[in-house]
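J.: The structure under discussion is supplied below as structure tokens; questions concerning it will follow.
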Amino acid sequence: MNSPFCGKFRVSQGFRPPTNPTHDGLDLVGIDSKEVHATVSGTVHYAGWENPGNHAQGFGQYVCIRGTDGLFYYYGHLSELRVRTGQAVACTEVIGIEGYTGHVIPSGPGGSHCHYEIRGGFFKGAKVYDVCSKSGIPNVKGGTYDDGYRPEAAPAKKEPDIKAVQKALNAHGYDCGAADGIVGPKTTAAMAKALSDLWC
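Read in order, the letters of the sequence shown are residues 3 to 202 in this note's numbering.
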């Protein structure tokens with residue numbers, strides 16, 4: 003499954019349901035996170051408002067990525083953009099934040115979501131692809147799914163081992179006193195002297 007969301011998400015409106023056959027994408031709501039991820043690698047073809055003069059129109063604030071497969075991947079109704087037009091992006095990179103800009107009713111059934119759509123071109127009337135078949139997301143309104151993707155956690159910042167530094171300074175003739183792990187005046191002076199000798 004290849005979803006714009008990391009972890010769990012919900013389908014709030016399906017692809018071309020009988021009740022709305024002109025709905026050419028999936029409306030998805032992030033559960034574990036509201037960050038919207040690129041579903042393909044490619045280039046940001048456009049990032050901005052569909053209509054800068056009317057933020058309530060269409061996709062509102064959106065990103066369109068031209069994938070390496072030549073197709074155009076749309077992510078609509080975003081509250082925040084994290085990429086710019088012309089930028090290269092990798093699959094799973096964060097491109098924006100779910101929202102309710104454009105033609106949605108914030109308190110209605112649409113609410114905050116990401117409209118995910120795939121077209122063959124960057125224009126109205128371009129061929130629309132079955133986003134469910136391409137992504138593996140079931141076309142089931144109300145269905146909750148898990149993309150399975152989890153971003154790698156940033157490595158924990160390793161604190162310097164002060165005792166080891168003090169022992170090394172003492173071993174090289176810079177008197178730190180006891181290797182007690184405390185950066186006191188003697189340790190600070192010894193470190194300054196060692197750095198001074200290093201750069202002189």
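Glycine included, each C-beta is placed from N, C-alpha and C at the ideal position.
With a CB to CB cut of under 6 Å and the five nearest residues on each side skipped, what residues in its chain are close to A90?
T.: Here residue 90 refers to the residue found at position 88 when the sequence shown is read from its first residue. Counting only Cβ-Cβ distances below 6 Å, and skipping sequence neighbours, we find T45.
J.: Check whether the Cβ of K169 sits closer than 8 Å to any heavy atom of the ligand MN, and report yes or no.
T.: Only the bare structure without any ligand can be found here, which leaves the ligand MN out of the picture.
J.: Kindly indicate the opening and closing residues of the alpha helix (DSSP H) around C134.
T.: Your numbering for residue 134 matches position 132 in the sequence shown. Looking at the DSSP string, the run of the alpha helix (DSSP H) that includes C134 is 133 to 137.
J.: Roughly how many angstroms separate the alpha carbons of G72 and A166, rounded to a whole number?
T.: Here residue 72 refers to the residue found at position 70 when the sequence shown is read from its first residue. Here residue 166 refers to the residue found at position 164 when the sequence shown is read from its first residue. Each residue's alpha carbon lies about 55 Å from the other.
J.: Tell me whether F74 is buried or exposed, calling it buried when 16 or more other Cβ atoms sit within 10 Å of its Cβ.
T.: Along the sequence shown, read from residue 1 onward, the residue named residue 74 stands at position 72. F74 comes out buried.
J.: So who's on the other strand from Y176, going by DSSP bridges?
T.: Position 174 of the sequence shown holds residue 176. Y176 pairs with nothing; no bridge assigned.
J.: Can you tell me which residues form a DSSP beta bridge with A90?
T.: Position 88 of the sequence shown holds residue 90. DSSP, once it has assigned bridges, lists T45 as partnering A90.
J.: For D182, does the three-state DSSP call read helix, strand or coil?
T.: For this step, residue 182 is matched to residue 180 along the sequence shown. DSSP places D182 in coil when its eight states are reduced to three.
J.: Report the CB separation of G32 from F11 in whole angstroms; it is logged as a contact under 8 Å.
T.: Here residue 32 corresponds to residue number 30 of the sequence shown, with the count starting at 1. Here residue 11 corresponds to residue number 9 of the sequence shown, with the count starting at 1. So it is a contact: roughly 5 Å between Cβ atoms.
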